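From first to last, the protein sequence lines stand for chains A and B. Numbering-wise (full-length UniProt numbering), the first sequence opens with residue 1 and increments by one. Numbering-wise (full-length UniProt numbering), the second sequence opens with residue 1 and increments by one. Positions of the beta carbon are idealized from the N, C-alpha and C atoms, including for glycine. Given the structure is predicted, the values throughout are model-derived calculations rather than measurements.
2 protein chains.
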Amino acid sequence: MENGVISHRGKVLTTDTMNPNVKKVEYAVRGPIVQRAVQIEKELKAGIKKPFSEVIKANIGDAHAMGQRPITFLRQVLALCSYPELLKDNKFPEDAKNRARRILQSCGGGSIGAYSASQGIECVRQDVARYIERRDGGIPSDPDNIYLTTGASDGIVTMLKLLVSGEGRGRTAVMISIPQYPLYSAALADLGAVQISYYLDEERCWSLDVRELQRALNAARGHCQPRALCIINPGNPTGQVQSRQCIEDVIRFAAEEHLFLMADEVYQDNVYAEGCEFHSFKKVLFEMGPEYYKTVELASFHSTSKCYMGECGFRGGYMEVINLDPDVKVQLTKLVSVRLCPPVPGQALLDLVVNPPQPDEPSYATFIKERTAVLTALAEKAKLTEQILNTVPGITCNPVQGAMYSFPRITLPERAIAEAKEKGQAPDMFYCMKLLEETGICLVPGSGFGQREGTFHFRMTILPPMDKLKVVLAKVKEFHQGFTQQYS
Amino acid sequence: MENGVISHRGKVLTTDTMNPNVKKVEYAVRGPIVQRAVQIEKELKAGIKKPFSEVIKANIGDAHAMGQRPITFLRQVLALCSYPELLKDNKFPEDAKNRARRILQSCGGGSIGAYSASQGIECVRQDVARYIERRDGGIPSDPDNIYLTTGASDGIVTMLKLLVSGEGRGRTAVMISIPQYPLYSAALADLGAVQISYYLDEERCWSLDVRELQRALNAARGHCQPRALCIINPGNPTGQVQSRQCIEDVIRFAAEEHLFLMADEVYQDNVYAEGCEFHSFKKVLFEMGPEYYKTVELASFHSTSKCYMGECGFRGGYMEVINLDPDVKVQLTKLVSVRLCPPVPGQALLDLVVNPPQPDEPSYATFIKERTAVLTALAEKAKLTEQILNTVPGITCNPVQGAMYSFPRITLPERAIAEAKEKGQAPDMFYCMKLLEETGICLVPGSGFGQREGTFHFRMTILPPMDKLKVVLAKVKEFHQGFTQQYS
């Protein structure tokens, strides 16, 4: 009986005793299909024969993993910051050295290995504010309203955390789009907040209709305390770019319904379609006049992971808060201080993104060439993806106006739906799993983002290099035709 | 009345409507005293005359900010990873290049700008596991049990989040030491969990007595659901190094009381006192036999921010989980995937820390020299700090056996305590604020870490360079004598 007391009690932490909110969290972008993809990669390495020779991960907006080359200037400065001995090296251009010196001077002890202020390095926040001012045609931005973050996700989760309170009918509810980027639903589940879903209009290129916001809000009132409205523009996973008019309508709605606005604008440079333009919520808010810009509370988010940089691994980002109650700001600053600071290399990287080489500087020409090449290629791939997918009977794809994804609708045969249900799988998960096993292409099923009942989609990045993208699209086409035939 | 509806409603998000748990969060290490220090720095810059010429931030374990130089090898590899063009450069030693190549090969697209797996880069996790095996005399470590994190804080918060559930008397409670590193109390407040405080024994060099654990647990039972026990070894802020016997006692206690163990071991290389040695909880657990190592659930944490590296800005770290329920592990992996991945430069840095230059490699000699210099200097400064502080009447300081801080007890005159209370300040906060204003030295009052009622302390890092540390200690001495005189 020596170990009797101990061994018969089982684990302290089990799925029965653990945090029930965490159990409710779902995040399809890195869900079961990706785990299977990783497994298949290992099987390929181990020599197991497959009908394909590599796994293509078109499930996540991970530009470098898909072969996009880093922007030279950004990486030069990061190398200089990491190993300042290189400041003596003639191989590095002067503007890169100047940026590195400026960043190092604002770091404790001149090292990116020191903690920064929890809100972020002051000179970086100043550069972010100036970037926003340039972007928004001179509308002022205050560095004190800028918080540097560990990717945009960190800022979004932090703001949601501040917003959540109450119990039962008083519990905070947050409006999010369907389809959505599942960080939102995951964070709300984790926080035990109520999700209010508003649907984007697939028939009208995934646009947002304020009447749908109103419908969703009316249906929720009485059961919960609606307090915030989240917008992703350009859209993820849906790729739409909101019109200026639409943004105005949304702001008016938020003002009238007394909602805190959260604008996820991480794809702000990723606008491809003719006639589309990125308008920041901040800019539109200020152009609507003091009635709005003096009252509407807004947090907007940006990141170093997307746009032309694609530097996901550095986890850089910022948020700007407008009209945040000063006492709440104190609380926000306190809250972020517990985690000490965002990663300093990511802060340095962000500084370069918001303060890139200028026309009179030596790195300018290369920088512009590299940036343009990335954005031009993305625009071509956005168009090609839409075109090819629309040639497949049973697939319809809205124009990829912006961001990095197509989100086509797929028609699935009744028999396939039935077989999926038998397996306890969402029909589009069943479809994507089969696609993965047969072609090595990893996509995320629409059910991971939310979609109208009875419709099915997948999200596919437009990031593979053009040659590979063509192969991917051809394989998807072939697979879809075979799948349809098999189950019809 | 055009804007009447909007303007009269006030803010959506106020301190009345915000998350009440966040309001309860306190984090003294970056609290009001540090904000005042930053303000004073700005005042100095603006030319305002002070009785000192610089602010010395001895409030936080930020080695590089205090002038410690980065380890050459670490930074060379980071520069190579950031800008792989440098792999062609003859200035870099081959071992640094090999490490960089190996890391880059395991990154998507060969770039540290790609997302990694959410659990961390596989080859880094393998290197961590091998490091743990070497450290613990061959006890096996499984890379699948390693999770790379954004600093140790991230791992600690994530594990606590998994552990928290229940309401009222069923609410999860977690045992933490007093004094403690305030991340713990902050995370518990944020999660709405119950804190069970056990006191370290100042009279016995801040050691941990299992009878005190028992007392604290008994007092809490019935009001809450005790589920985890957190240990910091070497101690923060208290600098004690736990004996092997003590660790065994703690593990036995956790086993008997059915508690999940969390071992914060970020100072594992920072052991200075003669006769003291670092023992990992993992190693002691396994040496206690299968009765224990097959049942006790343990998460241990490490970081790139402390030890000889002091690379706080990179936010690198890992946790190892032992006996975690496999289904809970699935939940943990899912939870960390929502934030995508820890910063990849931090992961790369961690890889170098756990896989440093070997005796037959070109960087070995310099690496050992630099590492030894840092650790030797810290040992000297630990001793000097203790010695000098103990020469001051009214200050008693335990030996700084390890970590990076002294936590001396200070005797405050009754009149000072009364004046502090009048101002609504903790007496040691009143003391530290006065010290800051008069000398520019920024310390953290003991009340920010917790202390026995009626006792007062401060935490001071031992990180300033020897010359400056001597000045700091002399100024603290002078201040304390003046303060005592003034209020006696």
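Nearest-angstrom Cα separation, counted from residue j out to residue i
i	j	result
residue 114 of chain B	residue 397 of chain B	48 Å
residue 153 of chain A	residue 213 of chain B	38 Å
residue 23 of chain A	residue 414 of chain B	53 Å
residue 298 of chain B	residue 16 of chain A	18 Å
residue 68 of chain A	residue 370 of chain A	10 Å
residue 5 of chain B	residue 257 of chain A	Below a pLDDT of 50, predicted positions are generally treated as unreliable, and residue 5 of chain B, at 47, falls in that range; the measurement from the model is reported next regardless. Distance between the alpha carbons of residue 5 of chain B and residue 257 of chain A is about 10 Å.
residue 410 of chain A	residue 255 of chain A	37 Å
residue 2 of chain A	residue 281 of chain B	Bear in mind that the predicted position of residue 2 of chain A carries a pLDDT of just 41, short of 50, making it unreliable; the figure below should be weighed with that in mind. Their backbone Cα atoms lie some 22 Å apart in a straight line.
residue 377 of chain A	residue 164 of chain B	47 Å
residue 264 of chain B	residue 486 of chain A	56 Å
residue 186 of chain A	residue 293 of chain B	34 Å
residue 184 of chain B	residue 478 of chain A	55 Å
residue 30 of chain B	residue 318 of chain B	23 Å
residue 228 of chain B	residue 400 of chain B	27 Å
residue 134 of chain B	residue 355 of chain B	11 Å
residue 243 of chain A	residue 210 of chain A	13 Å
residue 469 of chain A	residue 425 of chain A	28 Å
residue 484 of chain B	residue 290 of chain B	56 Å
Cutoff 8 Å: residue i Cβ touching any chain B Cβ
i	result
residue 112 of chain A	yes
residue 237 of chain A	no
residue 334 of chain A	yes
residue 64 of chain A	yes
residue 327 of chain A	yes
residue 11 of chain A	yes
residue 120 of chain A	no
Host beta strand (DSSP E) of residue i (start-end)
i	result
residue 298 of chain A	298-303
residue 460 of chain A	458-461
residue 319 of chain B	316-322
residue 147 of chain A	146-150
Reduced DSSP secondary structure (H/G/I, E/B, other) of residue i
i	result
residue 263 of chain B	strand
residue 170 of chain A	helix
residue 19 of chain A	coil
residue 177 of chain B	strand
residue 484 of chain B	helix
residue 336 of chain A	helix
residue 410 of chain A	strand
residue 40 of chain B	helix
residue 473 of chain B	helix
residue 139 of chain B	coil
residue 465 of chain A	coil
residue 341 of chain B	coil
residue 444 of chain B	strand
residue 271 of chain B	strand
Any chain A beta carbon closer than 8 Å to residue i
i	result
residue 241 of chain B	no
residue 364 of chain B	no
residue 14 of chain B	yes
residue 19 of chain B	yes
residue 331 of chain B	yes
residue 373 of chain B	no
residue 312 of chain B	yes
residue 23 of chain B	yes
residue 150 of chain B	yes
residue 186 of chain B	yes
residue 153 of chain B	yes
Host alpha helix (DSSP H) of residue i (start-end)
i	result
residue 122 of chain B	122-135
residue 82 of chain B	72-82
residue 103 of chain B	94-105
residue 345 of chain A	344-354
residue 437 of chain A	427-439
residue 285 of chain B	281-287
residue 291 of chain A	290-293
Task: Segments of 4+ residues assigned as alpha helix (DSSP H) that fall wholly inside the segment 190-247 of chain A - done: Fully enclosed alpha helix (DSSP H) runs of 4 or longer: 210-220.
TODO: Note down, one range per segment and in chain order, each alpha helix (DSSP H) of at least 4 residues found wholly within the segment 360-408 of chain A.
DONE: Segments of the alpha helix (DSSP H) lying fully in the segment 360-408 of chain A: 364-389.
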